[in-house]
Amino acid sequence: MHVVGLERSGKRRETVRVDPDESLLAAAERSGIGLPFGCRIGVCGTCTGRVLDGEMRHVEPPRALKDRHLEAGYVLTCIATPEVDCTVEVGTDVRARLFENPWR
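Start counting the sequence shown at 1; every next residue gets the next number (full-length UniProt numbering).
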């Protein structure tokens, strides 16, 4: 089990405990923490977060993200699980920043 700190702009930090092979989104929901989501299978990108500290891995290929997004630390919380304790920036503004420029 790993502890993930959730950072949102303008809100207090929340923490969630994530079981092995559990997605960050599922753990947040289990803990009563609402995160944005859509498809739950890594296709739509609605649940995009950004790893600020630590490491996460995707349990399925993240089809909504390009390689350069992954290299910049972006993850899809619906199919990502922590490898270590970490901090992840979450919320709709993370996705908005990522997709505001179609050439990124």
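Note that the Cβ used here is the ideal one computed from N, Cα and C, for glycine as well. A quick note: this is a predicted structure, and the numbers were derived from the prediction, not measured.
Residue i burial status per 10 Å Cβ neighbour count (16 or more: buried)
i, result
"residue 111", "The requested residue 111 does not occur in the structure, where the chain is confined to residues 1 to 104."
"residue 62", "buried"
"residue 96", "exposed"
Alpha-carbon to alpha-carbon, residue j and residue i
i, j, result
"residue 9", "residue 44", "22 Å"
"residue 7", "residue 93", "11 Å"
"residue 40", "residue 13", "24 Å"
"residue 16", "residue 28", "6 Å"
"residue 42", "residue 4", "20 Å"
"residue 84", "residue 59", "15 Å"
"residue 57", "residue 98", "19 Å"
Chain-order list of residues whose beta-carbon lies under 7 Å from that of residue i (same chain, five-residue window excluded)
i, result
"residue 77", "23, 24, 25, 35, 47, 49 and 90"
"residue 18", "1, 2, 4, 24, 27, 81 and 82"
Residues near residue i by beta carbon distance below 8 Å, same chain, minus five either side
i, result
"residue 20", "1 and 81"
Residue i - containing beta strand (DSSP E), residue span
i, result
"residue 52", "48 to 53"
"residue 89", "86 to 89"
N-terminal and C-terminal residue of the alpha helix (DSSP H) that residue i is part of
i, result
"residue 92", "92 to 99"
"residue 28", "24 to 30"
"residue 68", "67 to 71"
Residue i: CB within 7 Å of a non-hydrogen atom of the ligand HEM
i, result
"residue 72", "The ligand HEM is absent from the structure shown, which contains no ligands of any kind."
Own chain residues within Cβ distance below 6 Å of residue i, not counting five before or after
i, result
"residue 38", "44 and 46"
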